[in-house]
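Below is one structure, written out as structure tokens, with a few remarks after it.
In this note's numbering, the protein residues as written are 29 to 166.
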């Protein structure tokens, strides 16, 4: 089940995060920004909802981790998450459109510092910052 076409804001294209896990949590949507950055988004579907009627915190953490890791990949850095600090600010409900932005803040010899933010309807949903260890997937 995906969001209805009329629910997807203009400029976004459907994006599937590679691999079986991406298929499980997605679909995601993607929009390039003029400055070279990007926005990744998802529509809160029934499969994302927990027992109290909100998007499961683990879904938001997964989305934030994948979002920030994409910033590393786009910077030409291969890395894995070693620490991710999440601050939840507002809940997400069924049907909400969630957008995320992220950036690499420091590129060390072995460790990368990066952060991201998720928003919905002008409200900050969560902030995330963490460390990624450089690795070689080749």
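Backbone N, C-alpha and C fix where the C-beta goes; we use that ideal spot for every residue, glycine too.
A residue is called buried once 16 or more other Cβ atoms fall within 10 Å of its Cβ, and residue 103, having fewer, is exposed.
Counting other Cβ atoms within 10 Å of its Cβ, residue 83 reaches 16 or more and is therefore classed as buried. Only exposed fits residue 165, as fewer than 16 other CB atoms lie within 10 angstroms of its CB.
The straight-line gap separating the alpha-carbon atoms of residue 70 and residue 138 is approximately 31 Å. Of the residues assessed, residue 126 falls on the buried side of the cut-off, its CB having 16 or more other CB atoms within 10 angstroms. Pairing residue 141 with residue 100 gives a Cβ-Cβ distance that is not under 8 Å.
For a cut-off of 8 Å, the C-beta gap from residue 109 to residue 47 is around 15 Å, too long to register as a contact. Residues of the same chain with a CB within less than 6 Å of the CB of residue 89, apart from the 5 flanking positions on each side, are 114 in chain order.
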